[in-house]
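Novice:
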Amino acid sequence: MSDNLTLPAQQGSTGASTEALLKVEGLTKHFPIYGGFPIKRKVGAVQAVDNVDLTVGVGESVGLVGESGCGKSTTGRLITRLLEPTGGKIEYAGQDITHAKRKQLAPVRSEIQMIFQDPYSSLNPRQTVGTIIKSPMEVNGINPAGGREKRVRELLELVGLNPEHYNRFPHEFSGGQRQRIGVARALALNPKLIVADEPVSALDVSIQAQVVNLLQKVQEEMGIAFLFIAHDLAVVRHFSQRVAVMYLGKVVEVGDRDSIYNRPRHPYTHALLSAVPEVAMDDEPQDRERIRLYGDVPSPISPPSGCRFRTRCWKAQDKCATEEPPLVQIGGNTEGHLTACHFPEEPTVGARSEAVVMDPALKALEKDGDVSKG
Amino acid sequence: MTTLTKTEGEKAPTGPDSFLSVRDLRVRFSTEDGIVKAVDGLSFDVERGKTLGIVGESGSGKSVTNLTVLGLHNPKTTTVEGEILLEGQDLVTTPEKELEKLRGNKVAMIFQDPLTALSPYYTVGRQIAEPYMKHTGASKKEARDRAIEMLTKVGIPQPKTRVDDYPHQFSGGMRQRAMIAMALVCDPDLLIADEPTTALDVTVQAQILDLLKDLQQEFGSAIIFITHDLGVISDMADDLLVMYSGRAVERGGVREVLREPRHPYTWGLLSSMPRLGGSTSQPLMPIPGSPPSLLNPPSGCPFHPRCTFKDQVSGDRCSTERPPLGEGRAAACHLTAEQKQTIFIDKIQPRLR
Chain C
580 MSDNLTLPAQ QGSTGASTEA LLKVEGLTKH FPIYGGFPIK RKVGAVQAVD NVDLTVGVGE
640 SVGLVGESGC GKSTTGRLIT RLLEPTGGKI EYAGQDITHA KRKQLAPVRS EIQMIFQDPY
700 SSLNPRQTVG TIIKSPMEVN GINPAGGREK RVRELLELVG LNPEHYNRFP HEFSGGQRQR
760 IGVARALALN PKLIVADEPV SALDVSIQAQ VVNLLQKVQE EMGIAFLFIA HDLAVVRHFS
820 QRVAVMYLGK VVEVGDRDSI YNRPRHPYTH ALLSAVPEVA MDDEPQDRER IRLYGDVPSP
880 ISPPSGCRFR TRCWKAQDKC ATEEPPLVQI GGNTEGHLTA CHFPEEPTVG ARSEAVVMDP
940 ALKALEKDGD VSKG
Chain L
30 MTTLTKTEGE KAPTGPDSFL SVRDLRVRFS TEDGIVKAVD GLSFDVERGK TLGIVGESGS
90 GKSVTNLTVL GLHNPKTTTV EGEILLEGQD LVTTPEKELE KLRGNKVAMI FQDPLTALSP
150 YYTVGRQIAE PYMKHTGASK KEARDRAIEM LTKVGIPQPK TRVDDYPHQF SGGMRQRAMI
210 AMALVCDPDL LIADEPTTAL DVTVQAQILD LLKDLQQEFG SAIIFITHDL GVISDMADDL
270 LVMYSGRAVE RGGVREVLRE PRHPYTWGLL SSMPRLGGST SQPLMPIPGS PPSLLNPPSG
330 CPFHPRCTFK DQVSGDRCST ERPPLGEGRA AACHLTAEQK QTIFIDKIQP RLR
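Chains as they are written, first to last, in our numbering: chain C, 580 to 953; chain L, 30 to 382.
(1) In its own chain, which residues sit with a C-beta less than 8 Å from the C-beta of C/Pro770, not counting the 5 before and 5 after it?
(2) Is L/Ser319 closer than 8 Å to C/Gly615 when the C-beta atoms are compared?
(3) Below 9 Å between beta carbons is the criterion; list the residues of the region 779-801 of chain C that meet it against any residue of chain L, in chain order.
(4) Starting from L/Ala251 and walking both ways along the beta strand (DSSP E), at which residues does that stretch end?
(5) Report, in whole angstroms, the separation of the C-beta atoms of L/Leu128 and L/Leu115, which I expect to be a contact under 8 Å.
(6) Going by DSSP, what residue range makes up the beta strand (DSSP E) through C/Ile669?
(7) Tell me which residues share the same chain as C/Tyr873 and place their Cβ nearer than 6 Å to its Cβ, disregarding the 5 neighbours each side in the sequence.
(8) How should L/Pro95 be labelled, buried or exposed, when 16 other C-beta atoms within 10 angstroms of its C-beta is the threshold for buried?
(9) With three or more C-beta pairs closer than 8 Å as the rule, is the region 837-851 of chain C touching the region 911-918 of chain C?
(10) Within this structure, are the beta carbons of C/Arg764 and C/Ile721 separated by less than 8 Å?
(11) Applying a beta-carbon distance threshold of less than 8 Å, which residues of chain L neighbour C/Arg759?
(12) From C/Pro611 to C/Met825, what does the alpha carbon distance come to, in whole angstroms?
(13) The alpha helix (DSSP H) spanning C/Phe818 covers which residue range?
(14) Round the Cβ separation of C/His772 and C/Arg759 to the nearest angstrom and send it over; I've been treating them as touching at under 8 Å.
(15) So is C/Gly642 buried or exposed if we call it buried at 16+ other beta carbons inside 10 Å?
(16) Tell me which same chain residues have a C-beta within less than 7 Å of the C-beta of C/Gln789, skipping the five on either side of it?
(17) If you run the structure through DSSP and keep just helix, strand and coil, what is L/Tyr195?
(18) Does DSSP classify C/His609 as helix, strand or coil?
(19) Measuring alpha carbon to alpha carbon, tell me which of L/Val136, L/Lys182, L/Gly249, L/Thr145 ends up nearest L/Pro160.
(20) Would you mind listing the beta strand (DSSP E) stretches within the region 741-787 of chain C that are 3+ residues and don't spill past its ends, in chain order?
(21) Does the CB of L/Arg155 have a neighbour CB from chain C at under 8 Å?
(22) Could you check whether L/Met208 and L/Ala167 sit closer than 8 Å to each other, using their CB atoms as the reference points?
(23) Compare the C-beta of L/Thr309 against all C-beta atoms of chain B and say whether one is closer than 8 Å.
(24) From the beta carbon of C/Asp938, is the nearest beta carbon of chain L less than 8 Å away?
(25) Are C/Pro879 and C/Gly667 touching if we call contact CB-CB under 8 Å?
(26) Counting C-beta neighbours from all protein chains within 10 Å, is the total for C/Gln626 16 or more, i.e. buried, or is it exposed?
(27) Report yes or no: is there a C-beta of chain L within less than 8 Å of the C-beta of C/Thr901?
(28) Given C/Phe888, which residues of its chain have a CB within under 6 Å of its CB, disregarding the five upstream and five downstream residues?
(29) List, in chain order, every chain L residue whose beta-carbon is nearer than 7 Å to that of C/Val814.
(30) Can you tell me whether DSSP reads C/Lys822 as helix, strand or coil?
(31) Under 7 Å Cβ-Cβ, which residues of chain C neighbour L/Ala212?
(32) Establish whether the CB of C/Glu598 and some CB of chain L are separated by less than 8 Å.
(33) Residues of chain L with CB under 9 Å from C/Glu945, in chain order?
(34) Helix, strand or coil, according to DSSP, for L/Glu279 in the structure here?
(35) Determine, using beta carbons only, whether L/Gly38 comes closer than 8 Å to chain C.
(36) For the region 96-160 of chain L, which segments carrying the alpha helix (DSSP H) assignment without a break, of at least 4 residues, lie completely within its bounds, in sequence order?
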């Protein structure tokens, strides 16, 4: 089996391969909600992920962004098969692994690895660093040349830790160093795909950059494909060649980095980008659009009909409530840039003639302010 | 403790408008492992109606400073030295009873995590009304009306019914709005916002930041805004204080500091942060190493073990002598002004474009 999974060497980050390593179609995960007394019955479902299509090419880095509760972490866990999908199809290197059994999954598991968000809870405090990094090799019965310990030391060195620290425990390391241990563990089996779920969001700013650089080095030098899940749009932009934007369990827009960040079409992508606080480097008034949504993301237990963003969208019309917009390439988009919207925005992030402010409190305050100023 | 000399303390200018002025503040906690110097000789001023941003990593002392301003530290394990002058009144020596009259009235605070900062046992309305009743002597009815008014102002839908809801019935963004309402209910002169948007999503964060800015214009409060996010600071603050290891390392107007930073730590922060408009082809430039332990901070300049430019300073001044923070726009660094200028233009600025 491993023969047909061997992959060509990677040629650097920019050359995104067209060959799909991971293909996800219509992926759905509904978590049941039980209620009632005395017999608990299923009374509803959290529609965490609903009909998500996603492709990750060989050696490609794909970013998955969205706010909390949009299903990006669940998607990651479905792909690594830590959760059982409710529907849809996950294809890895040509094989269908959607409902593969433990035994069938074993060879694939070693090729898809995960890096977790919290470096404090994802490492066993009772095991030494050596044991932690070694255990994937033990589980999969891999005996590298020179022994497992030598390999662990190599890995420690690769992620920028001192190989001498082999026998230390996780609590002896700082947050950034712990995350490096997590990276070393993920690399132990020479994976083809790493699902990184918010790998830097628990770290301090100055440490974040160290880990981002490490992941980038790993990605470029070892040709590992990444599914980079994060809520920080700037970090995702720095790391990913292609980006998918999720909202309430759906992918609303996907495209290459430039399309998403400079020519977004979906109103939600516009709103997200305009909400990112940026350090103003010059005196000129910022040439960015200003969109302030109102309220929070609706509950995924009973998501809005039609387009799920319509309840917070300033362009919503009747059609949005009745008809769900398909994720398609709309006029003016480049190849591979798909948007799910009936009334897409202009492909620019420049300032608009009038800011979109949906928040009634803000609107009221700003109106008063204008009156008093004028 | 009294044997400590205060010669190191820097004097920042005391403007006529300075409403809160902190002078040579030192806060120490005694723990099982030893004494933690959480804040070590910090001075700053806040002007009326202006926003002071304090930026720094976790453990840099930014939150401790502001808990001390409100007197919210544990007096048994904490030693506080220096002066915290609020309109001339020294809060360090003010008795607890007096402080109680200030808290929530003249000085209010917005905490990072609204779910833990709000009591799950009382309704949101009651929690907003409580400081109002205490400080103004208003009746229950008046206080409730005031709570509804505040909820309307911060944009809670149907405030008349939501006032009787419990915090768990609110979403994250709404809870933070309720916290803001609670903080502003007595029209405070000084509002301390400790990472008020860190727990929120980016679109909600944008709403809350704009709301705070607009409310500040209306209420005219001074704000101390604590965050680790330089983007948020750039949006919110008038003046900026960069903290590292319990000390201020750079101070100035927010535009000046972010556009022409003068301290290697600020350079590091700016160039390690990816930006939406930045280049994606060059790798980020992280700060090597990790923040120091406050139990045993490095001698001299606390940043010297991580500083890339310390070899440009003659001798071992960086590790022996603590660089002073001058007055006004200043950075606590031994590099000369010309050296800083050259380094910034040659090595740092190209990375920020």
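Glycine included, C-beta positions come from ideal geometry on N, C-alpha and C.
Specialist: Result, derived from the coordinates:
(1) As a position in the first sequence, residue 770 of chain C is number 191, starting the count at 1. Counting only Cβ-Cβ distances below 8 Å, and skipping sequence neighbours, we find Ser689, Glu690, Ile691, Gln692, Ile803.
(2) Residue 615 of chain C sits at position 36 when you count from the first residue of the first sequence. Residue 319 of chain L sits at position 290 when you count from the first residue of the second sequence. Cβ distance not < 8 Å, so C/Gly615 and L/Ser319 don't count as in contact.
(3) Asp783, Val784, Ser785, Ile786, Gln787, Ala788, Gln789, Val790, Val791, Asn792, Gln795, Lys796
(4) Position 222 of the second sequence, counted from the start, is the residue given in the question as residue 251 of chain L. Unbroken beta strand (DSSP E) run through L/Ala251: 251-256.
(5) Residue 128 of chain L sits at position 99 when you count from the first residue of the second sequence. Residue 115 of chain L sits at position 86 when you count from the first residue of the second sequence. In fact, because the Cβ distance is near 10 Å, the residues do not count as touching under 8 Å.
(6) By 1-based counting over the first sequence, the position of residue 669 of chain C is 90. Taken as a continuous stretch (DSSP letters only), the beta strand (DSSP E) holding C/Ile669 covers 666-671.
(7) Here residue 873 of chain C refers to the residue found at position 294 of the first sequence. Around C/Tyr873: Met937, Asp938.
(8) For this step, residue 95 of chain L is matched to residue 66 along the second sequence. The amino acid occupying residue 95 of chain L in the given sequence is Asn; Pro does not appear at that position. So L/Asn95 ends up on the buried side.
(9) yes
(10) As a first step, residue 764 of chain C is located in the first sequence; it is residue number 185 there, counting from the start. As a first step, residue 721 of chain C is located in the first sequence; it is residue number 142 there, counting from the start. No, they are not a contact pair.
(11) Here residue 759 of chain C refers to the residue found at position 180 when the first sequence is read from its first residue. Neighbours of C/Arg759 on chain L: none; closest Cβ ~11 Å, over 8 Å.
(12) As a working note, residue 611 of chain C is residue 32 in the first sequence. As a working note, residue 825 of chain C is residue 246 in the first sequence. When rounded, the distance between both Cα atoms is 21 Å.
(13) Within the first sequence, numbered from 1, the residue matching residue 818 of chain C stands at position 239. 812-818 is the span of the alpha helix (DSSP H), which, as asked, contains C/Phe818.
(14) Taking the first sequence and counting its residues from 1, one reaches residue 772 of chain C at position 193. Taking the first sequence and counting its residues from 1, one reaches residue 759 of chain C at position 180. Note on identity: in this sequence residue 772 of chain C is Leu, with His being the wrong assignment. No, C/Leu772 and C/Arg759 are not in contact; Cβ-Cβ is about 20 Å, not under 8 Å.
(15) By one-based count along the first sequence, residue 642 of chain C stands at place 63. Buried, because 16 or more other Cβ atoms sit within 10 Å of the Cβ of C/Gly642.
(16) Along the first sequence, read from residue 1 onward, the residue named residue 789 of chain C stands at position 210. Result list for C/Gln789: Gly755, in chain order.
(17) One-based indexing of the second sequence puts residue 195 of chain L at position 166. DSSP places L/Tyr195 in coil when its eight states are reduced to three.
(18) Walking along the first sequence from the start, residue 609 of chain C turns up at place 30. In this structure, C/His609 counts as strand in the three-state DSSP scheme.
(19) Taking the second sequence and counting its residues from 1, the one referred to as residue 160 of chain L is at position 131. For L/Pro160, the nearest C-alpha among the options comes from L/Val136.
(20) 772-776
(21) Counting from one through the second sequence, the residue named residue 155 of chain L turns up at place 126. No - not a single Cβ of chain C is within 8 Å of the one on L/Arg155.
(22) Taking the second sequence and counting its residues from 1, the one referred to as residue 167 of chain L is at position 138. Taking the second sequence and counting its residues from 1, the one referred to as residue 208 of chain L is at position 179. Going by C-beta atoms, L/Ala167 is not nearer than 8 Å to L/Met208.
(23) Among the chains of the structure shown, chain B does not appear; the protein chains present are C and L.
(24) Numbered from 1 along the first sequence, position 359 holds the residue referred to as residue 938 of chain C. Closer than 8 Å to some Cβ of chain L, the Cβ of C/Asp938 qualifies, so yes.
(25) Within the first sequence, numbered from 1, the residue matching residue 879 of chain C stands at position 300. Within the first sequence, numbered from 1, the residue matching residue 667 of chain C stands at position 88. No; because the gap between Cβ atoms is not below 8 Å, this pair is not in contact.
(26) Counted from its first residue, the first sequence places residue 626 of chain C at position 47. With 16 or more other Cβ atoms within 10 Å, it is buried.
(27) In the first sequence, the residue the question calls residue 901 of chain C occupies position 322. It does not: the Cβ of C/Thr901 has no partner Cβ on chain L nearer than 8 Å.
(28) On the first sequence, residue 888 of chain C is found 309 positions in, with the first residue counted as 1. Tyr826, Tyr847.
(29) The sequence position of residue 814 of chain C within the first sequence is 235, counting from 1. Near C/Val814 (Cβ distances below 7 Å), the residues of chain L are Pro303.
(30) Numbered from 1 along the first sequence, position 243 holds the residue referred to as residue 822 of chain C. Residue 822 of chain C is actually Val in this sequence, not Lys. C/Val822 falls in the strand class under three-state DSSP.
(31) The sequence position of residue 212 of chain L within the second sequence is 183, counting from 1. None at all; the shortest Cβ gap to chain C is about 15 Å.
(32) Against the first sequence, residue 598 of chain C aligns to sequence position 19. No, its Cβ sits nowhere closer than 8 Å to a Cβ of chain L.
(33) Taking the first residue of the first sequence as 1, we reach residue 945 of chain C at position 366. Chain L residues near C/Glu945: Asp239, Asp243.
(34) For the purposes of this step, residue 279 of chain L is taken as residue 250 along the second sequence, with counting starting at 1. DSSP places L/Glu279 in strand when its eight states are reduced to three.
(35) Counted from its first residue, the second sequence places residue 38 of chain L at position 9. Legend: pLDDT at L/Gly38 = 39, less than 50; position of this residue unreliable, no value from coordinates given.
(36) 125-131, 143-146
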